[in-house]
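**Q** One structure coming up, written as structure tokens, with questions to follow.
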């Protein structure tokens, strides 16, 4: 099967700052691919290069067999891109926005009329199609924004944080619609700050940090990277630095770090059974005011690889 997206060796530098370093991945038809990373990790720069908004210093992007550098218009015509910010006109109705963008895509008027109705049904806004966009809720605006990107039936759909700030009903509608598109054979690149969305939708996930992909695979493959270890979060009151040094000597504990939020994170095999030893180790040095044990999941893998939460 020919991949819908092939990108190889993408790099982008701004002076001495390396924004993206040798990033590459593929997405097959009918595959949902998640791109996760902390803020500033290089996600937006990578996406900007994939859609032709930013020229890479090195690397290639091929969409549906078309090289983006060699034939940018043909390659871009195969992409539906939904950015983080709403890219619509508030003074137009939902239908008028779709008509405008459909004409930009070069769709014939007669075909466009039917396609607009299909898209409105897909995003669940047929009943609000003739209301001005500035009367829509935030979630409705995001749904019509996705609809605009689907008008020309792209081979690759790129959704950058599509559910930020939306209501639960709109989030469900967006996720249900995305799953139907993937099931129908569309390739999807998905970024989100909601790990549960990525776990629900994506077949494979890449974790990017400091401009480089540090891990890639299915959810199961990524979770195995932490070796089945538990993550233990401790909130301590007292001599935290000394406590951290002592905790590194506890048998079964493989990693101890201070987090940006001020807590102490441990990675350990059988974390629940180690809690008595952990607490006794810091006794007299610091007081444990809160403790949480998290068994291995995609969030734990992300924390292990990047040292931060997805929303950091």
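Residue numbers (full-length UniProt numbering): 1 to 312. Glycine included, every Cβ here is placed at the ideal spot set by N, Cα and C. Since we're looking at a predicted model, the values are computed, not measured.
#1: Are the CB atoms of residue 51 and residue 323 within a distance shorter than 8 Å?
#2: My guess is that residue 293 and residue 236 are in contact by the Cβ rule of under 8 Å, so how many angstroms apart are they, rounded?
#3: For a test of the three-state rule: what should DSSP assign to residue 105, helix, strand or coil?
#4: By how many angstroms is the C-alpha of residue 171 removed from the C-alpha of residue 207?
#5: Rounding to the nearest angstrom, what Cα-Cα distance links residue 33 and residue 204 in this structure?
#6: Thinking just about the alpha-carbon of each residue, which of 251, 243, 69 is nearest to the one in residue 258?
#7: CA-CA distance, residue 134 and residue 220?
#8: Find out if the Cβ-Cβ distance for the pair residue 141, residue 88 is shorter than 8 Å.
#9: In terms of residues, what are the limits of the beta strand (DSSP E) holding residue 13?
#10: If distances are taken between C-alpha atoms only, which option among 137, 93, 191 comes closest to residue 166?
#11: Can you check DSSP and say which residues form a bridge with residue 217?
#12: Counting Cβ pairs, one atom from each stretch, are 3 or more of them under 8 Å apart for the region 108 to 125 and the region 36 to 44?
#13: Taking the alpha carbon of residue 232 as the point to measure from, which residue in 269, 246, 261, 214 has its own alpha carbon closest?
#14: Judging by CA-CA distance, which residue of 106, 90, 95, 146 is the nearest neighbour of residue 83?
#15: Assign residue 110 to buried or exposed, taking buried as 16 or more other Cβ atoms, counted over all protein chains shown, within 10 Å of its Cβ.
#16: Between 222, 276, 6, which has its C-alpha nearest residue 23's C-alpha?
#17: Find the nearest neighbour of residue 25 within the set 213, 144, 295, judged by alpha-carbon distance.
#18: Between which two residues does the alpha helix (DSSP H) holding residue 77 run?
**A** Working from what's here:
#1: Outside the shown range of the chain (1 to 312) lies residue 323, about which nothing can therefore be said.
#2: Reading the chain shown from its first residue, position 293 is the one you call residue 293. Reading the chain shown from its first residue, position 236 is the one you call residue 236. Wrong, their Cβ atoms sit about 15 Å apart, outside the cutoff.
#3: Mapped onto the chain shown, residue 105 falls at position 105. Here residue 105 sits in coil by DSSP.
#4: Here residue 207 refers to the residue found at position 207 of the chain shown. Here residue 171 refers to the residue found at position 171 of the chain shown. The alpha-carbon atoms of residue 207 and residue 171 are separated by roughly 23 Å.
#5: The residue you call residue 33 lines up with position 33 of the chain shown. The residue you call residue 204 lines up with position 204 of the chain shown. Looking at the two C-alpha atoms, the distance is approximately 5 Å.
#6: For the purposes of this step, residue 258 is taken as residue 258 along the chain shown, with counting starting at 1. With distances taken between Cα atoms, residue 258 lies closest to 243.
#7: Mapped onto the chain shown, residue 134 falls at position 134. Mapped onto the chain shown, residue 220 falls at position 220. Cα to Cα, residue 134 sits roughly 43 Å from residue 220.
#8: Residue 141 sits at position 141 when you count from the first residue of the chain shown. Residue 88 sits at position 88 when you count from the first residue of the chain shown. Taking 8 Å as the Cβ cut-off, residue 141 and residue 88 qualify as a contacting pair.
#9: Translated into positions along the chain shown, residue 13 becomes position 13. Segment 5 to 14, the beta strand (DSSP E) holding residue 13.
#10: Your numbering for residue 166 matches position 166 in the chain shown. Considering only alpha carbons, the answer is 137.
#11: In the chain shown, the residue the question calls residue 217 occupies position 217. In DSSP, residue 217 forms a bridge with 205.
#12: no
#13: As a working mapping, residue 232 is identified with position 232 in the chain shown. Selected option, being the one with the closest Cα: 269.
#14: Taking the chain shown and counting its residues from 1, the one referred to as residue 83 is at position 83. Checked all of 106, 90, 95, 146; the closest Cα to residue 83 is 146.
#15: For the purposes of this step, residue 110 is taken as the residue at position 110 of the chain shown. Exposed.
#16: Taking the first residue of the chain shown as 1, we reach residue 23 at position 23. When each option's Cα is compared against that of residue 23, the closest is 6.
#17: For the purposes of this step, residue 25 is identified with residue 25 of the chain shown, where counting begins at 1. Cα-wise, what sits closest to residue 25 is 213.
#18: Along the chain shown, one-based indexing puts residue 77 at 77. Unbroken run through residue 77: none, as it is neither H nor E.
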